[in-house]
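In our numbering, the protein residues as written are 13 to 329. The beta carbon of each residue, even a glycine, is placed where N, CA and C say it ideally should be. Notes follow once the structure below has been shown.
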């Protein structure tokens, strides 16, 4: 598949995901979603699975459960959430939600309430944040424990980043494009992923997002930029490569929460941290961007949960 063709297909898929996000509980069919992508159902099914790594049916289910997690964070009743998510009974919804997140709806709501209502109890001691490169937490966490927040000092990070355009649910596509452009599979020093979330009132949703790869060292950054320049010079004018840019993330004080579960839970967990934990914590929000440090390998197996450190920039008055 030519890069221009793949980019076109990914744009079409993003439109489909946006349509699902607008009405997660609607009766989406293969035919109706293929029409949004301007493809035949057969072609759409094949391309969608190839680029997204799952069927569109799986995506609809995942986005419905992600929306359910948002509503549970807002303290909605489980029965109402189950009905709006398209499940015939709370029991069927509970089974699907546990398969998706690793915990029951009531357990998830308890964890979110703990973050919101008990900031003092959830804060651990201050520590030096672990370096990004090479630090994995796979298998170290008890997913049934109440969540905690640690206050940490993070060193500055040099990253190569690509701006994400489109719904949050397609951020994985932007990371894929970035890692392919940088040929990360050929360079062990370019493996650590970081999501960069900055406030921007001019954009829908109120923030802009960049997918980033931590360079690890100045020499790794220089090597990656040199390879990128060579790729750009050799690219056809009709198919320019994605605009990858270097960026230095400021270090400083962060509130750190480790999320064990699917990436779809990042948004509701940030929501609980920003709207509930932070106002009661005694800290103030800083102007630096929020960060998502992905601790799991991109090629993790299905049996290994996603592990993501969520970082809120804070300051003491």
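If you look at residue 79, you'll find it in the alpha helix (DSSP H) that goes 68 to 85. DSSP places residue 222 within a strand segment (E or B) once states are collapsed to three. Burial state of residue 168 is exposed, judged by a 10 Å Cβ sphere holding fewer than 16 other Cβ atoms. Fully contained in the segment 155 to 222 are the following beta strand (DSSP E) runs of length 3 or more, in chain order: 162 to 166, 169 to 176, 205 to 211.
In summary, residue 58 is exposed, with fewer than 16 beta-carbon neighbours lying within 10 Å of its beta-carbon over all protein chains present. When rounded, the separation of the alpha-carbon atoms in residue 65 and residue 329 is 46 Å.
Per DSSP, reduced to three states, the secondary structure at residue 320 is strand. In the three-state scheme derived from DSSP, where H, G and I count as helix and E and B as strand, residue 254 is classed as coil. For residue 267, DSSP records a beta bridge to 163, 324. Rounded to the nearest angstrom, the gap between the Cα atoms of residue 36 and residue 74 is 9 Å. Distance between residue 86 and residue 297, taken at the CA atoms: about 21 Å.
For residue 22, the secondary structure class from DSSP, reduced to helix, strand or coil, is helix. Within the same chain, and ignoring the five residues on either side of residue 83 in sequence, the residues whose Cβ sits closer than 6 Å to its Cβ are 93.
Taken through DSSP and simplified to helix, strand or coil, residue 115 comes out as coil.
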